[in-house]
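2 protein chains.
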Amino acid sequence: MATSNFKISIHMVLSLDGFIAKKNNSVDWFETVDHYENGVEITEEDKMAFLKTIDCYVMGARTYEHALKLADTYGWAYGNTPTIVLTHKEMPVYSRHVEFFSGTLHELIEEKLKPHFGNIWVVGGASLAKAFISSKQANEIRVSILPVILGDGIRFIENMAQEQALHLKNVVPYKSGMVELCYEVKQ
Amino acid sequence: MATSNFKISIHMVLSLDGFIAKKNNSVDWFETVDHYENGVEITEEDKMAFLKTIDCYVMGARTYEHALKLADTYGWAYGNTPTIVLTHKEMPVYSRHVEFFSGTLHELIEEKLKPHFGNIWVVGGASLAKAFISSKQANEIRVSILPVILGDGIRFIENMAQEQALHLKNVVPYKSGMVELCYEVKQ
Numbered sequence: 006m007a008t009s010n011f012k013i014s015i016h017m018v019l020s021l022d023g024f025i026a027k028k029n030n031s032v033d034w035f036e037t038v039d040h041y042e043n044g045v046e047i048t049e050e051d052k053m054a055f056l057k058t059i060d061c062y063v064m065g066a067r068t069y070e071h072a073l074k075l076a077d078t079y080g081w082a083y084g085n086t087p088t089i090v091l092t093h094k095e096m097p098v099y100s101r102h103v104e105f106f107s108g109t110l111h112e113l114i115e116e117k118l119k120p121h122f123g124n125i126w127v128v129g130g131a132s133l134a135k136a137f138i139s140s141k142q143a144n145e146i147r148v149s150i151l152p153v154i155l156g157d158g159i160r161f162i163e164n165m166a167q168e169q170a171l172h173l174k175n176v177v178p179y180k181s182g183m184v185e186l187c188y189e190v191k192q
Numbered sequence: 006m007a008t009s010n011f012k013i014s015i016h017m018v019l020s021l022d023g024f025i026a027k028k029n030n031s032v033d034w035f036e037t038v039d040h041y042e043n044g045v046e047i048t049e050e051d052k053m054a055f056l057k058t059i060d061c062y063v064m065g066a067r068t069y070e071h072a073l074k075l076a077d078t079y080g081w082a083y084g085n086t087p088t089i090v091l092t093h094k095e096m097p098v099y100s101r102h103v104e105f106f107s108g109t110l111h112e113l114i115e116e117k118l119k120p121h122f123g124n125i126w127v128v129g130g131a132s133l134a135k136a137f138i139s140s141k142q143a144n145e146i147r148v149s150i151l152p153v154i155l156g157d158g159i160r161f162i163e164n165m166a167q168e169q170a171l172h173l174k175n176v177v178p179y180k181s182g183m184v185e186l187c188y189e190v191k192q
């Protein structure tokens, strides 16, 4: 894979009040019941075709633990796409598509990502997303806002303590009431 | 004014990380420099015509103090539209369009709002917005998301501690890179 198309995207699903997860890690709130008439409808094929454009997922240890738990009920969310978990811990290996890495963010990017992948998705958690953004390593932020106020939970970008200008690239409202906002991180 | 069209809307301008204000109250971040090609352009006349549909503004004491300070530089943001400030303090009266109220939220709505106004906008702060939403008195939430991560500040709906389902009503991206999301608060 050429690295000329190298791009790191942060992708998070948020409640309107900016939470990415409930404190009890329940994901029942993902199943929002809403209907937005003017929204875009996506078929399972559209979704599959889109997911195929992703070359690699990156996640933190807690997000991985959570994905393992969810896999029992919903199946593994990341298919056969290479998935790199940043962790210093010994963790169960879900499949041969999962790899662990315990180096720095810089080492991850230079050694693991740039030589092998183009379109990279960082899927959480909040502190990993923050590390990518604050070190100016993220090129893009995609947030999918669900039509719900959670009232409590784990925040998306908890106090980054520095400002970051963004460029709005795309807005897509879906029939489900979810709105996807895509931003370029200004360098 | 008939109360058959009685509606209370919460309106807040947010950064992508969910802040409504910087800790130092500076509003320089409102002046984002972005350009979204597919966005809607609004003229000063469009804006004026829209603002005329608002019958009354409601705000908390700190939001009023802040509006007073901003008025020195930018002028009074709420025109000649009646503005009710919820406060127990003695505060300077900006003009004859500003009125103070020290009762409960319920008294405010029954005594001051319902008999006189239709389209009511609650413009902050965070705790007043939260009180309206958690007591199920808000009909609508409009958030205008600016293309910036602030990293620190005062949050929109700080830990409401209860979930609230929403219905997406409208999505408008603007040329400035601001996205307005409008939700109905489900009863």
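Keeping their order, the protein sequence lines are chains F and B. The first sequence begins at 6 in my numbering and counts up by one. The second sequence begins at 6 in my numbering and counts up by one. Just so you know, even glycine gets a beta-carbon here, dropped at the ideal spot from N, CA and C.
Check: Using a Cβ-Cβ distance under 8 Å, would N30/B count as near chain F?; Outcome: no
Check: To the nearest angstrom, report how far apart L75/F and Y69/B are at their CA atoms.; Outcome: 47 Å
Check: Which class does E163/B belong to by DSSP, given the choice of helix, strand or coil?; Outcome: coil
Check: Consult DSSP for S139/B and reduce its assignment to one of helix, strand or coil.; Outcome: helix
Check: What three-state label does DSSP hand F24/B in the structure shown?; Outcome: strand
Check: On the three-state DSSP scale, how would you describe R101/B?; Outcome: coil
Check: Mind checking if Q169/B is an interface residue toward chain F, Cβ cutoff 8 Å exclusive?; Outcome: yes
Check: For a cutoff of 8 Å on Cβ pairs, would you count A7/F as touching chain B?; Outcome: For A7/F, the pLDDT reaches just 45, beneath the cut-off of 50, and the residue's location in the model is therefore unreliable, although a value from the coordinates is still provided. By this cut-off, A7/F is not an interface position.
Check: Can you list, in chain order, the residues of its chain whose CB lies under 6 Å from that of V128/F, leaving out five sequence neighbours each side?; Outcome: H16, Y62, M64
Check: Going by alpha carbons, who is nearest to K191/F out of L171/F, I138/F, Q142/F?; Outcome: L171/F
Check: Evaluate contact between the stretch 148-163 of chain B and the stretch 50-61 of chain B, counting only Cβ atoms and requiring at least three cross-stretch pairs below 8 Å.; Outcome: no
Check: Measuring alpha carbon to alpha carbon, tell me which residue in M53/F, A82/F, K117/F, E42/F is nearest S100/F.; Outcome: A82/F
Check: With 9 Å as the limit, tell me which residues of the stretch 29-49 of chain F have their beta carbon closer than that to any beta carbon of chain B; keep them in chain order.; Outcome: W34, T37, V38, D39, H40, Y41, N43, G44
Check: Taking the straight line between their C-alpha atoms, what separation do you get for A166/F and K28/B?; Outcome: 11 Å
Check: Locate the alpha helix (DSSP H) running through Y69/F, then write down its first and last residues.; Outcome: 66-79
Check: Considering Cα atoms alone, identify which of P152/B, K117/B, L110/B, T86/B is closest to A134/B.; Outcome: L110/B
Check: With DSSP collapsed to three states, give me the class of M6/F.; Outcome: With a pLDDT of only 47 at M6/F, under 50, the local geometry of the prediction cannot be trusted, and no value is derived from it.
Check: For K117/F, does the count of other Cβ atoms within 10 angstroms reach 16, so buried, or fall short, so exposed?; Outcome: buried
Check: Quick check: what's the CA-CA separation for E185/B versus S14/F?; Outcome: 23 Å
Check: Between G23/F and G156/B, which are expected to be in contact by the criterion C-beta below 8 Å, what is the C-beta distance as a whole number of angstroms?; Outcome: Actually they are not in contact, since the Cβ atoms of G23/F and G156/B sit about 13 Å apart, beyond 8 Å.
Check: Going by the CB atoms, is the gap between G123/B and F35/B shorter than 8 Å?; Outcome: no
Check: Starting from A54/B and walking both ways along the alpha helix (DSSP H), at which residues does that stretch end?; Outcome: 49-57
Check: Candidates D33/F, W126/F, T78/F: which alpha carbon is nearest E145/F's?; Outcome: W126/F
Check: Where does F106/B fall in DSSP's three states?; Outcome: strand
Check: Please classify H194/B: does DSSP put it in a helix, a strand, or coil?; Outcome: No statement about residue 194/B is possible, as the shown extent of chain B runs from 6 to 192 and does not include it.
Check: Using the C-alpha atoms, what's the distance from E112/F back to N30/B?; Outcome: 39 Å
Check: Return no unless some Cβ of chain C is closer than 8 Å to the Cβ of H16/B.; Outcome: Among the chains of the structure shown, chain C does not appear; the protein chains present are F and B.
Check: Does any residue of chain B have a CB that is nearer than 8 Å to the CB of N164/F?; Outcome: yes
Check: Going along chain B, which residues have a C-beta under 8 Å from G23/F?; Outcome: D22, G23, R160, F161
Check: Indicate whether at least one CB of chain F lies closer than 8 Å to the CB of I59/B.; Outcome: no
Check: Excluding the 5 residues preceding and the 5 following V153/B in the sequence, name in chain order all residues of the same chain whose CB lies nearer than 7 Å to its CB.; Outcome: S20, L21, W34, T37
Check: Could you check whether the Cβ of V127/B sits closer than 8 Å to any Cβ belonging to chain F?; Outcome: no
Check: Run through DSSP, which three-state label would H16/B get?; Outcome: strand
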